[in-house]
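Those protein sequence lines, which keep their order, are chains A and G.
Residues in the first sequence are numbered from 798 upward in steps of one, following my numbering.
Residues in the second sequence are numbered from 798 upward in steps of one, following my numbering.
Scroll down for the structure; my scribbles are underneath it.
2 protein chains.
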Amino acid sequence: MNIAVLGTGTVGQTLSARLLVLGHEVMMGTRNVQEAKIRTTKDVYGNPGIGDWLKNNPRVNLVTFAEAIAFGQIIINATQGGKSVEALRNGNPGDLDGKIIIDIGNPLDFSRGMPPVLIPELCNTTSLGEEIQKAFPQSYVVKTLNTMWCGLMVNPAMIAGGDHHNFLSGNNPEAKLEVKKLLNQFGWKDENLLDLGDISSARGTEMILPVWLRIMTAKQSGVFNFKVIG
Amino acid sequence: MNIAVLGTGTVGQTLSARLLVLGHEVMMGTRNVQEAKIRTTKDVYGNPGIGDWLKNNPRVNLVTFAEAIAFGQIIINATQGGKSVEALRNGNPGDLDGKIIIDIGNPLDFSRGMPPVLIPELCNTTSLGEEIQKAFPQSYVVKTLNTMWCGLMVNPAMIAGGDHHNFLSGNNPEAKLEVKKLLNQFGWKDENLLDLGDISSARGTEMILPVWLRIMTAKQSGVFNFKVIG
């Protein structure tokens, strides 16, 4: 399948690499291709910049947001939450219509120091997932995978044989089924995929981030996930 | 130990009954004792009003907030999050000084329909736990137990032999140790108690509520909890 991954951070990198291994055609979209190709600045967590990463992943095709959106049958949003709607707006008119947008973004606000809070305008009474769905009503937004470290997103079996939970939110049942098939390819078993209902339930999963960050600090590791027991 | 339970909802009822069984002296505090004693209105989830409950639990001593606060060596806040600081302010000057306040409250806002959101002024960039600590700087606030159904709070072994997680947030390590001892009495094992750090980490645990409510809806049951895997 042709898949567009928007965003060049570690989440976008990890998803793109895994999708290529699985045999998908991948285009990674970014705002400014030339700038990204030479970017070596590490992110806030010390992960390599996209420029360094691309040298080791030459098969990844880095293109503009618009080119990636035009190419993808499925669009994965792995951009910064505060800039996701803007990134998706780079698509040519109609290029997102009828397509599934898998939204992995989190509306984190790093402007007030660490750990980040959520962007107040994008949480609690709304969510990034909902705002994307509102901005692109002809698309099928499915929020998923945003509650864990990216290594686990694409390889859940890394801990506890994959027996922990990933949530899904979205208005369209068929779109959620399609996304589940892709998650199955990553190694997610159906019994570990918990459908929380329509896209407004993304409020809940995005609001997991603050406790996720505190647990990461307490455990000094991001290699963990939640399992719903009972 | 003398324990004050503030709040007459199902959480306060469940905690009070369990503490009595464990041999503690319990006073349940409320705003208006006479009104509460005859209250039969069910809550938003259909649980019995405190008036009906007291008939079946005659050993519980229902008193004013002030009387309960004066009595308790430990104060448990199980009032509605939006009214918790106000409830605690009913104490006589100095009556909370040097005491542990176990804060189980959640700042839920039911005014916008179901499921509730969090009260915007009490989430994300602050939390109920932090606001209580600010209002009573001579007390030791420990946020805990607020991320699960009250039946599990006092009887974690009800599911998976108790092997799921309860979080603690608070500025004072000794106070958290004291609270852990009480949690041990409820059946919590130390390895299932996850200390997330200072009271600001209560932002994270309070923000679990929205996804908790969605999972409850998806599972049609509140008898579940989170386990941190990995």
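Just so you know, even glycine gets a beta-carbon here, dropped at the ideal spot from N, CA and C.
In this structure, the beta-carbon distance from Gly-902(G) to Leu-885(G) does not fall below 8 Å. For Ile-871(G) against Leu-893(G), the beta-carbon gap comes to about 11 Å, at or over 8 Å, which does not count as contact.
Rounded to whole angstroms, Asn-858(A) and Val-951(A) show a C-alpha spacing of 19 Å. Judged by their CB atoms, Asn-921(G) and Val-914(A) are nearer to each other than the 8 Å cut-off. Neighbours of Ala-865(A) in chain G, taken as residues whose beta carbon is under 7 Å from its own, are absent, since the nearest beta carbon is some 30 Å off. Of the residues assessed, Ala-972(G) falls on the buried side of the cut-off, its CB having 16 or more other CB atoms within 10 angstroms. Contact check between the stretch 847-862 of chain A and the stretch 814-825 of chain A: three or more CB pairs, one atom from each, fall below 8 Å, which counts as touching. Per DSSP, reduced to three states, the secondary structure at Ser-966(A) is strand. With a contact defined as Cβ atoms closer than 8 Å, Gly-1027(A) and Val-1020(G) qualify at about 5 Å. At least one CB atom of chain G sits nearer than 8 Å to the CB of Ser-998(A). Chain-ordered listing is empty here: chain A has no CB closer than 7 Å to the CB of Cys-947(G), the nearest sitting near 14 Å. Inclusion of Ala-833(A) and Thr-876(A) in the CB contact set at 8 Å is not warranted, their separation being larger than that value.
The residues Gly-869, Gln-870, Ile-871, Ile-872, Ser-936, Tyr-937, in chain order, have a CB closer than 8 Å to that of Lys-896(A) in the same chain once the five nearest residues on each side in sequence are set aside.
Relative to the Cα of Ile-1012(G), the nearest Cα in the group Phe-983(A), Leu-990(A), Met-798(A), Gly-958(A) belongs to Leu-990(A).
For the stretch 950-970 of chain G, the beta-carbon criterion of a distance under 7 Å to any beta-carbon of chain A is satisfied by Ile-956, Ala-957, His-961. Among the residues facing chain A, Arg-836(G) is not included, as its CB has no counterpart in that chain under 8 Å away. Spanning the alpha carbons of Ile-899(G) and Asn-874(G) requires a straight line of approximately 6 Å. Within its own chain, the residues whose Cβ lies closer than 8 Å to the Cβ of Ile-835(A), once the five positions on either side in sequence are excluded, are Gly-848, listed in chain order. At a cut-off of 8 Å between beta carbons, Lys-973(G) makes no contact with chain A. Per DSSP, the beta bridge partners of Asn-799(A) are Glu-822(A). Nearest in C-alpha terms to Pro-912(G), of all of Cys-947(A), Gly-967(A), Met-824(A), Ser-997(A), is Ser-997(A).
As computed with DSSP, Tyr-937(A) is found in a beta bridge with Ile-897(A). Using beta-carbon distances, Ile-1012(G) counts as an interface residue toward chain A, with a partner under 8 Å.
Only buried fits Lys-1024(A), as 16 or more other CB atoms lie within 10 angstroms of its CB. Across the set Asn-829(A), Ala-954(A), Pro-1007(A), the C-alpha of Asn-829(A) shows the shortest separation from the C-alpha of Ala-863(A).
Setting aside the 5 residues that flank it on each side, Thr-944(A) is surrounded in the same chain by Asn-963, Phe-964, Thr-1002, Ile-1005, Leu-1006, Trp-1009, Asn-1022, Phe-1023, each with a C-beta closer than 8 Å to its C-beta; the list follows chain order. In this structure, DSSP gives Lys-839(A) a state outside helix and strand, which the three-state scheme calls coil. If you look at Lys-1016(A), you'll find it in the alpha helix (DSSP H) that goes 1006-1016.
Under the DSSP assignment, Asn-853(A) falls in the alpha helix (DSSP H) whose first and last residues are 847-853. Cα atoms of Pro-970(G) and Thr-923(G): separation of roughly 21 Å, rounded to the nearest angstrom. Contact with chain G is absent for Leu-816(A), since none of that chain's Cβ atoms lies less than 8 Å from the residue's Cβ. In the three-state scheme derived from DSSP, where H, G and I count as helix and E and B as strand, Val-1025(A) is classed as strand. When the five nearest sequence neighbours on each side are left out, the beta carbons in the same chain lying within less than 8 Å of the beta carbon of Gly-959(G) are those of Pro-953, Gly-984, Trp-985, Lys-986, Asn-989, in order along the chain. Note on Arg-1000(G): 16 or more other CB atoms within 10 angstroms of its CB, so buried under the neighbour-count rule. A distance below 6 Å between beta-carbons, with the five flanking residues on each side excluded, links Ala-932(A) to the following residues of its chain, in chain order: Val-882.
If you draw a straight line from the Cα of Ala-801(G) to the Cα of Ile-866(G), it is about 6 Å long.
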